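A.B. asks: Starting off with a structure, shown below.
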Amino acid sequence: MRNTLRVLRAEKNWSQADVATRLGVSRQTINAVETGKYDPSLPLAFGMARLFGKRIEEIFLPEVGQASGLSAEVR
Amino acid sequence: MLYIMSMKPDTNSTFSCSSRGTLAQTLWLLGMALSVAAGLLLLALLKHRGYPLSLPLRILAVAIPVACGIAYSFRLLRDLARLDELQLRIQLEAAATACLGVFLGTILYPIFQFAGFVGPLRAFYVTFLLVGLLLAGYLNANRRYR
């Protein structure tokens, strides 16, 4: 999953440590999310959305070619 | 257990394992190891010199390491519960690596022993294998999410 966390963070002029402190997680977690190595849990994703005043889908985007996560039957 | 001890305190985060927690874990673990060594030494010395090993002394020799071990376990579990989600995932992967390695090792060991490649299995070796795999799993997972 791609995300715009780095851009949003740069707009606010916050460091990874600043975001980590505000969200109550470690800096390593923020770095792993930004680099796409780790997809955050739903509560953390909501926390990020609230912190930046955005909706979750404005921050997290599916990879190119990645479906919405729904199976063909559900879609 | 080792991976928790090896965690660097992150002063920027309110959620990570504190250095005080890490120090407390280390001290309890050290206390357990030292009290086991001291108890064994004392009991062996008394037995060697022919002194009777009284019940209160034997209870004391056992109770101190057990108390330290229980305190260590509580501290470790409490610190685990305070980790953030990525650290929990890292440690889950480390624990899975250790469990899988020990499981395969103990299941496959009899065939190696029967074939004459290795001697009888000692619990001591299993402990080393477990701790080694735990540490390797932690380092590997930590590197991946760095």
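Protein sequences appear in the order of chains A and B. Position 1, counted from 1, in the first sequence is what my numbering calls 1; the numbers after and before it change by one each time, with no gaps. Position 128, counted from 1, in the second sequence is what my numbering calls 203; the numbers after and before it change by one each time, with no gaps. Glycine included, every Cβ here is placed at the ideal spot set by N, Cα and C. Quantities reported herein were computed from a predicted structural model and do not represent experimental measurements.
Using a C-beta cutoff of 7 Å, does Thr29/A count as contacting chain B?
C.D. replies: Yes, contact with chain B.
A.B. asks: Cβ closer than 9 Å: which chain A residues qualify as neighbours of Glu160/B?
C.D. replies: Val25, Thr29, Tyr38, Pro40, Ser41, Pro43 and Leu44
A.B. asks: Between the alpha carbons of Glu58/A and Leu5/A, how many angstroms are there, rounded?
C.D. replies: Each residue's Cα considered, the two are about 10 Å apart.
A.B. asks: Quick one: what does DSSP say Asn13/A is sitting in, helix, strand or coil?
C.D. replies: coil
A.B. asks: Could you tell me which residues DSSP puts in a beta bridge with Asn215/B?
C.D. replies: For Asn215/B, which the question treats as bridged, DSSP gives no partner whatsoever.
A.B. asks: For Gln162/B, does the count of other Cβ atoms within 10 angstroms reach 16, so buried, or fall short, so exposed?
C.D. replies: buried
A.B. asks: May I ask you to list the residues that DSSP assigns as paired with Leu61/A?
C.D. replies: Arg2/A
A.B. asks: What do you get for Arg27/A, buried or exposed, if any count of 16 or more other CB atoms within 10 angstroms of its CB means buried?
C.D. replies: buried
A.B. asks: Given a cut-off of 7 Å, decide if Thr181/B and Leu212/B are closer than it, judged by their beta-carbon atoms.
C.D. replies: For the sequence presented, residue 212/B should be read as Gly rather than Leu. The criterion of a C-beta distance shorter than 7 Å is not satisfied by Gly212/B and Thr181/B.
A.B. asks: Below 7 Å CB to CB, which residues in the same chain sit around Pro140/B once its five sequence neighbours on both sides are set aside?
C.D. replies: Met107, Ser110, Val111 and Gly114
A.B. asks: Alpha helix (DSSP H) containing Val33/A: first to last residue?
C.D. replies: It spans Arg27 to Glu34 - the alpha helix (DSSP H) in which Val33/A sits, taken as one unbroken run.
A.B. asks: Answer yes or no: does any C-beta atom of chain A fall closer than 7 Å to that of Tyr213/B?
C.D. replies: No, because no Cβ of chain A sits closer than 7 Å to the Cβ of Tyr213/B.
A.B. asks: So Tyr220/B contacts chain A; which residues on that side make the cut at Cβ distance below 7 Å?
C.D. replies: Gln28, Ala32, Lys37 and Tyr38
A.B. asks: Taking the straight line between their C-alpha atoms, what separation do you get for Leu128/B and Asn215/B?
C.D. replies: 48 Å
A.B. asks: Would you mind stating whether Ile30/A and Ala20/A have Cβ atoms separated by less than 7 Å?
C.D. replies: yes
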